[in-house]
Structure formats: structure tokens, C-alpha cells
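Enquirer: I have a structure here, written as C-alpha cells, and I will follow up with some questions on it.
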Amino acid sequence: DAGVTQSPTHLIKTRGQQVTLRCSPKSGHDTVSWYQQALGQGPQFIFQYYEEEERQRGNFPDRFSGHQFPNYSSELNVNALLLGDSALYLCASSLAQGSSTEQFFGPGTRLTVL
Amino acid sequence: LAKTTQPISMDSYEGQEVNITCSHNNIATNDYITWYQQFPSQGPRFIIQGYKTKVTNEVASLFIPADRKSSTLSLPRVSLSDTAVYYCLVGDDGTASKLTFGTGTRLQVTL
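Chains L and W, in that order, give the protein sequences. Using my numbering, you'd call the opening residue of the first sequence number 1 and step up by one each time. Using my numbering, you'd call the opening residue of the second sequence number 1001 and step up by one each time.
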């Protein structure tokens, strides 16, 4: 049973560029959440997708956008990259309904903006 | 969302029991208390969740007093591999909605 997978593992971009990060949820899960984790800080919620729609959003600018596909996989897009966007980006999957509300996290994508 | 306060760091020797306390004075009636563990360069991993009294699983125990204004994560006989950051989260977990992490407690286990 594959867990949550993310790609790429690492990424280096320059200011102003755009980036797309990808996530495949744990088998059977239908909800995907994205988090940003700066060095030394706890993860911060960006947004959550369910049934291909954004269901909740954290305090992040519109430069951060996402998408969920029919197979439940998801993408996180960040436009006009800033130095402050350098962080570990985590994807978590869960079931919208069920006995367990546990979120399963992937290993993350380390984004460095130069 | 209820704010949580936990120690920034803790040290322990291998084989000891470690107790990490989290304060959440303004916890709401429908809030659950959840703990996650995170190793360097990995995503957080669910440890345990509770609402009141005591919860125990194969990894840890969670003690919650009657007023629910604090909780204690207990790790029995820690090993070097338990060195990680531990996060206490409080929120309505009924819908697997967004998780609000604080800065966590960095536990260092040594020989």
C-alpha cells in the first residue's frame, strides 16, 4: 500500500519564476491538503482539495494555487516566486468521511528560491 | 482555534520515560487533542489523539485532565530513534480539516 508520494524531492528556482509541485495521495484517500514549512517552524496550512475543488484555504496569497485531478492527485502552483517561498512543501491526504480523520503526510518537496 | 503552548525543547536519556505537556487554556467543547511527530526532512506522522481522560496505543499515551486545559504526551522508554519534533494540535477534528501546528517540542534522546 503506497503512502503519500511527492515530486520532485528538491527544486531550485529563481525569483519571479513559477513552480509546480505534485502529490499522489495514499490509496483510498480522497482529500489532499498542502502545507508550507519554513526552517525551524511548524507546517502552515495552505489549502485543502476535495472533489476537485478547494474546500479550505489558509492565509496565503493568490500566487499559491492548486488543482485536484479525478484520480485525487493534486498539484500546488506558486507564481512569481519570492525568496521567502523557500521552504519544505508538504502534502497530506485523508478521507473526507470515515472513522479516522488522521492525515498522512508525504516526505515533502524542498523548494529553494535564489 | 485554541492556541497551544509547549516547551521548545527537551532532553532525555535512552530508556527513560518522557512526558511532554501542552497547554491549551481556551480549548473548545468540540476540540480534540492530537499529537504528531516529525523527523528531519520528513512529513509529520500522527501519534495519538484524544478527547478526555487517557488514551493509549502501541506508541504512546495521552493524558487529559478533566478541565482539558492541558494534555501530556507520554513516551515510554525512549530510544535514540525517538529524537524528533513533537507537535500538539487542538481543533475540531471531525472533518479532517486543516491542522494548525505550533513550533513544537524538539526532543533529543542521547545514550
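All residues carry an ideal CB built from backbone N, CA and C; glycine is no exception.
1) Is the segment 1006 to 1013 of chain W close to the segment 1031 to 1044 of chain W, with three or more CB pairs under 8 Å?
2) I think L:L95 touches L:T5, with their Cβ atoms under 8 Å apart; what is that distance to the nearest whole Å?
3) Should L:V116 and L:Q44 be called a contact, given that it needs their Cβ atoms to be closer than 9 Å?
4) Below 6 Å CB to CB, which residues in the same chain sit around L:S7 once its five sequence neighbours on both sides are set aside?
5) Helix or strand or just coil, what does DSSP make of L:G40?
6) Please confirm whether W:Y1051 has its beta-carbon closer than 9 Å to some beta-carbon of chain L.
7) What would DSSP say about W:S1081, mapped onto helix, strand or coil?
8) Considering only DSSP beta bridges, list what L:L76 is partnered with.
9) For the beta strand (DSSP E) containing W:R1106, list its first residue and its last residue.
10) Counting along the chain, where does the beta strand (DSSP E) carrying L:L111 start and finish?
11) Is W:A1028 buried or exposed, if buried means 16 or more other CB atoms sit within 10 Å of its CB?
Expert: Answer, in terms of the structure:
1) The segment 1006 to 1013 of chain W, when compared against the segment 1031 to 1044 of chain W, does not touch it at the 8 Å Cβ threshold.
2) About 17 Å; that fails the 8 Å criterion.
3) An answer regarding residue 116 of chain L cannot be provided, because it is not within the stretch 1 to 114 covered by chain L.
4) Excluding residues within five positions, the ones whose Cβ falls inside 6 Å are R22.
5) In this structure, L:G40 counts as coil in the three-state DSSP scheme.
6) False, the Cβ-Cβ gap to chain L never drops below 9 Å.
7) Per DSSP, reduced to three states, the secondary structure at W:S1081 is helical.
8) DSSP links L:L76 through a beta bridge to L:L21, L:G66.
9) First-last of the beta strand (DSSP E) with W:R1106: 1105 to 1110.
10) That run of the beta strand (DSSP E) goes 109 to 113.
11) Burial call: exposed.
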